[in-house]
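Enquirer:
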Amino acid sequence: DAGVIQSPRHEVTEMGQEVTLRCKPISGHDYLFWYRQTMMRGLELLIYFNNNVPIDDSGMPEDRFSAKMPNASFSTLKIQPSEPRDSAVYFCASSFGFSSYEQYFGPGTRLTVT
Amino acid sequence: DAKTTQPTSMDCAEGRAANLPCNHSTISGNEYVYWYRQIHSQGPQYIIHGLKNNETNEMASLIITEDRKSSTLILPHATLRDTAVYYCIVREQGAQKLVFGQGTRLTINP
Numbered sequence: 069d070a071g072v073i074q075s076p077r078h079e080v081t082e083m084g085q086e087v088t089l090r091c092k093p094i095s096g097h098d099y100l101f102w103y104r105q106t107m108m109r110g111l112e113l114l115i116y117f118n119n120n121v122p123i124d125d126s127g128m129p130e131d132r133f134s135a136k137m138p139n140a141s142f143s144t145l146k147i148q149p150s151e152p153r154d155s156a157v158y159f160c161a162s163s164f165g166f167s168s169y170e171q172y173f174g175p176g177t178r179l180t181v182t
Numbered sequence: 023d024a025k026t027t028q029p030t031s032m033d034c035a036e037g038r039a040a041n042l043p044c045n046h047s048t049i050s051g052n053e054y055v056y057w058y059r060q061i062h063s064q065g066p067q068y069i070i071h072g073l074k075n076n077e078t079n080e081m082a083s084l085i086i087t088e089d090r091k092s093s094t095l096i097l098p099h100a101t102l103r104d105t106a107v108y109y110c111i112v113r114e115q116g117a118q119k120l121v122f123g124q125g126t127r128l129t130i131n132p
C-alpha cells in the first residue's frame, strides 16, 4: 500500500485566495483525520471523519475552513479566503476500526500564504 | 490540552540506549499511553502503546510504572535515524483524538 497520500506537497498562495488540500487515506480505513502543525501551536487536530461522516470538527479554527469527505477514498480541506496566519503544515491521517491504536500519517502539505 | 509532561530535549550517543521519560500523573484507569515520533519534515509515526504492562516491539520498549503515573520509552540501540521529536500521549481506548504536546526532541550524536 502506498500509505496516506496528500497533494499538493507544497502550496504557495496569496492572501485572499482559496486553497484546497487533498488526501487519499489508506484503502479500507474508516477514520480520516486532518491535523495542522505550526511552531506556535504544535500539532493540533482540526476535524475527523468516520465512514465519511464528520464526527468532531471542534478544532476547525473558523468558518473560513471547511472539510469534506465525498467518498471513502478522498477528502479535502478548503480554506477560503486564506490568510497569512494559515501558513502551516497540514497532515492527513487515517486509521481502521473503533479500537485502532495506530493512526497513519501522510507526508503533509506545507502551505505558505503571503 | 496534553495530559503529559516531557523534557524539551535530550541527547544520546549512537549505539547507546535512549530512555525518554514521560509524566502522566492524572492518567485514568481506562487511558492508554501512546508514543509517536516525528522525524524532520515527515508525518508522525506510531511507535508503541500500553495500558499497565511493559510492552516491547521491534522499534522500542515501553516501561510503565506500577502507579501508571509515568512511563519511559526505551530505544535499545539508538541510531542517527532515531533523531526526531518523540510524543507521549494518553488516550482512552476507543477515543479517536490524539492530543499532541510539545514532545521531546531527541538528538542522536555520532
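Residue numbers (our numbering), protein chains in the order written: chain A, 69 to 182; chain B, 23 to 132. Glycine included, every Cβ here is placed at the ideal spot set by N, Cα and C.
Go ahead and label A/Phe-166 buried or exposed: buried means 16 or more other beta carbons lie within 10 angstroms of its beta carbon, across all protein chains shown.
Expert: By 1-based counting over the first sequence, the position of residue 166 of chain A is 98. So A/Phe-166 counts as exposed.
Enquirer: On a CA-only basis, which of A/Phe-101, A/Pro-93 and A/Glu-86 is nearest B/His-118? Give me that one, please.
Expert: In the second sequence, counting from the first residue as 1, residue 118 of chain B sits at position 96. Here residue 118 of chain B turns out to be Gln, not His, going by the sequence shown. Answer by Cα proximity: A/Phe-101.
Enquirer: For B/Val-121 and B/Ile-111, which I take to be in contact (beta-carbon distance under 8 Å), what is that distance rounded to the nearest angstrom?
Expert: Position 99 of the second sequence holds residue 121 of chain B. Position 89 of the second sequence holds residue 111 of chain B. Yes, B/Val-121 and B/Ile-111 are in contact; Cβ-Cβ is about 6 Å, under 8 Å.
Enquirer: On the DSSP bridge assignment, give the partners of B/Ala-140 in chain order.
Expert: Here chain B has residues from 23 to 132 only, and residue 140 of chain B is not among them.
Enquirer: Would B/Ala-106 be called buried (16 or more neighbouring beta carbons within 10 Å of its own) or exposed?
Expert: Reading the second sequence from its first residue, position 84 is the one you call residue 106 of chain B. With 16 or more other Cβ atoms within 10 Å, it is buried.
Enquirer: Please confirm whether A/Glu-79 has its beta-carbon closer than 8 Å to some beta-carbon of chain B.
Expert: Indexing the first sequence from 1 puts residue 79 of chain A at position 11. Chain B, which has no Cβ nearer than 8 Å to the Cβ of A/Glu-79, makes this no.
Enquirer: Straight-line CA distance for B/Gln-115 to B/Thr-101?
Expert: As a first step, residue 115 of chain B is located in the second sequence; it is residue number 93 there, counting from the start. As a first step, residue 101 of chain B is located in the second sequence; it is residue number 79 there, counting from the start. Cα-Cα distance, rounded: 32 Å.
Enquirer: Where does the unbroken beta strand (DSSP E) through B/Thr-26 begin, and where does it stop?
Expert: If you number the second sequence from 1, residue 26 of chain B lands on position 4. No beta strand (DSSP E) contains B/Thr-26, which DSSP labels as neither H nor E.
Enquirer: Can you name the start and end residues of the beta strand (DSSP E) that A/Ala-135 belongs to?
Expert: Counted from its first residue, the first sequence places residue 135 of chain A at position 67. That run of the beta strand (DSSP E) goes 133-139.
Enquirer: As an exercise, report each continuous beta strand (DSSP E) stretch of at least 3 residues that is fully enclosed by the region 145-172 of chain A, in chain order.
Expert: As far as the region 145-172 of chain A is concerned, its whole beta strand (DSSP E) runs of at least 3 residues are 156-163.
Enquirer: Measure the C-alpha to C-alpha separation of A/Arg-132 and A/Phe-159 and round it to an integer number of angstroms.
Expert: Looking up residue 132 of chain A in the first sequence gives position 64. Looking up residue 159 of chain A in the first sequence gives position 91. The straight-line gap from Cα to Cα measures roughly 18 Å.
Enquirer: Under 8 Å, Cβ to Cβ, is there at least one residue of chain B near A/Phe-164?
Expert: Translated into positions along the first sequence, residue 164 of chain A becomes position 96. Taking Cβ atoms only, chain B never reaches closer than 8 Å to A/Phe-164, which makes this a no.
Enquirer: What is the DSSP secondary structure of A/Leu-111, counted as helix, strand or coil?
Expert: Working through the first sequence from its first residue, we reach residue 111 of chain A at position 43. In this structure, A/Leu-111 counts as strand in the three-state DSSP scheme.
Enquirer: Where does B/His-99 land, buried or exposed, given buried means 16+ other C-beta within 10 angstroms?
Expert: Here the question's residue 99 of chain B lines up with position 77 in the second sequence. B/His-99 should be labelled exposed.
Enquirer: If you run the structure through DSSP and keep just helix, strand and coil, what is A/Arg-104?
Expert: The count along the first sequence starts at 1 and reaches residue 104 of chain A at position 36. If DSSP states are grouped into helix, strand and coil, A/Arg-104 belongs with the strands.
Enquirer: Less than 8 Å between C-beta atoms, sequence neighbours within five positions excluded: which residues of the same chain meet that for A/Glu-170?
Expert: One-based indexing of the first sequence puts residue 170 of chain A at position 102. Cβ neighbours of A/Glu-170 beyond the five flanking positions: Ser-163.
Enquirer: From what residue to what residue does the beta strand (DSSP E) around B/Val-121 run?
Expert: Sequence index remark: in the second sequence, residue 121 of chain B carries index 99 (1-based). Note, B/Val-121: premise wrong, no beta strand (DSSP E); not H, not E.
Enquirer: According to DSSP, is A/Asp-125 helix, strand or coil?
Expert: By one-based count along the first sequence, residue 125 of chain A stands at place 57. Correct three-state label for A/Asp-125: coil.
Enquirer: When you compare the region 38-49 of chain B with the region 112-121 of chain A, are there three or more beta-carbon pairs, one atom per stretch, that lie closer than 8 Å?
Expert: No, because fewer than three Cβ pairs between the region 38-49 of chain B and the region 112-121 of chain A fall closer than 8 Å, the two stretches do not touch.
Enquirer: B/Glu-114 bridges to which residues according to DSSP?
Expert: Looking up residue 114 of chain B in the second sequence gives position 92. Bridge partners of B/Glu-114: B/Glu-53.
Enquirer: Taking A/Thr-177 as the reference, which of B/Thr-26, B/Thr-48, B/Ile-96 and B/Ser-63 has the closest Cα?
Expert: Within the first sequence, the letter at position 109 stands for residue 177 of chain A. Selected option, being the one with the closest Cα: B/Ser-63.
Enquirer: Do B/Leu-84 and B/Gly-72 have their beta-carbon atoms positioned less than 8 Å apart in this structure?
Expert: For the purposes of this step, residue 72 of chain B is identified with residue 50 of the second sequence, where counting begins at 1. For the purposes of this step, residue 84 of chain B is identified with residue 62 of the second sequence, where counting begins at 1. For B/Gly-72 and B/Leu-84, yes; Cβs fall inside 8 Å.
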